[in-house]
Amino acid sequence: MKALFYFLIILTSSVLLTSFHLSKDKPKIIESELTKELCKDEINLVYIFSDWCVYSKKYLRNIYGKAMQNSDLDINVILIGIDSRKSKEYQALFEAYNIEYPLYVLNNKTGISVGTFTDYPRLKRFVKKNFSNTDDFSYHHLPFTFYADENLNVISEAGYTLEQISQEVKAIRDSLNLKK
Numbered sequence: 002m003k004a005l006f007y008f009l010i011i012l013t014s015s016v017l018l019t020s021f022h023l024s025k026d027k028p029k030i031i032e033s034e035l036t037k038e039l040c041k042d043e044i045n046l047v048y049i050f051s052d053w054c055v056y057s058k059k060y061l062r063n064i065y066g067k068a069m070q071n072s073d074l075d076i077n078v079i080l081i082g083i084d085s086r087k088s089k090e091y092q093a094l095f096e097a098y099n100i101e102y103p104l105y106v107l108n109n110k111t112g113i114s115v116g117t118f119t120d121y122p123r124l125k126r127f128v129k130k131n132f133s134n135t136d137d138f139s140y141h142h143l144p145f146t147f148y149a150d151e152n153l154n155v156i157s158e159a160g161y162t163l164e165q166i167s168q169e170v171k172a173i174r175d176s177l178n179l180k181k
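To convert, note that position 71 of the sequence shown is 72 in my numbering; the numbers rise steadily by one, no gaps.
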């Protein structure tokens, strides 16, 4: 009887752990048609990052970890890794920093990834193809952060601290007469 009881406990525990592990969403590769689905709110914060960029990792940890998730900002947060071949590395960062937002990745069709040499052109192509009002952007830095509306119009570039983001969201809401 004891053996059956312990067996049931172990079986139940393993099922729960397996279902928890499987419930984590895998990264989604972004294609043009998906971009419109992602930007579904009046204000969308788009954050594009890489695993090789020290600042990208710093902002992921400090802003998009528990700080942003526990804030009272009412915005849609879209986190995009620059290279689909690095999905496992991005997932590890999300787990290490307790990030609960979905992970999206840009498709790396070339298979080449040597950091800035290939990542910046990929970033520029994605943003210019999928969003409007992007002519004034500098595409030579990561992380790359901006606000877009539900029609994929870029509203402005974003700040790099939670306080800056909070102030910017309030200013954007006020300028567009949006209520929270």
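Where is the CB? At the ideal position from N, CA and C, for every residue including glycine.
Only a predicted model underlies this, so the values are computations on that prediction, with no experimental measurement involved.
Restricting attention to alpha helix (DSSP H) runs no shorter than 4 residues, the region 62-93 encloses them at 67-70, ordered along the chain. Under DSSP, the beta-bridge partners assigned to Thr146 are Tyr48. Taking the Cα positions, Lys87 is about 25 Å away from Gly160. Between the region 78-87 and the region 45-62, the count of C-beta pairs closer than 8 Å reaches three or more; the two stretches touch.
For Glu169, the secondary structure class from DSSP, reduced to helix, strand or coil, is helix. Counting the other Cβ atoms within 10 Å of the Cβ of Leu94 gives 16 or more, which makes it buried. DSSP, read as helix, strand or coil, puts Ser133 in strand. Taking 8 Å as the cut-off, the beta carbon of Leu163 is found closer than this to the beta carbon of Met69. For Lys59, there is no enclosing beta strand (DSSP E); the residue is found in the alpha helix (DSSP H) stretching over 55-60.
With 16 or more other CB atoms across the displayed protein chains lying within 10 angstroms of its CB, Ser57 is buried.
Cβ-Cβ distances below 7 Å link Lys129 to Thr135 in the same chain, with the five nearest sequence neighbours on each side left out; the list follows chain order.
Checking the DSSP bridge columns, you'll see Val155 partnered with Ala149. Here Ser157 is not near Ser72, since their CB atoms are 8 Å or more apart.
Taken atom to atom, the span from the alpha-carbon of Leu104 to that of Thr36 is near 13 Å.
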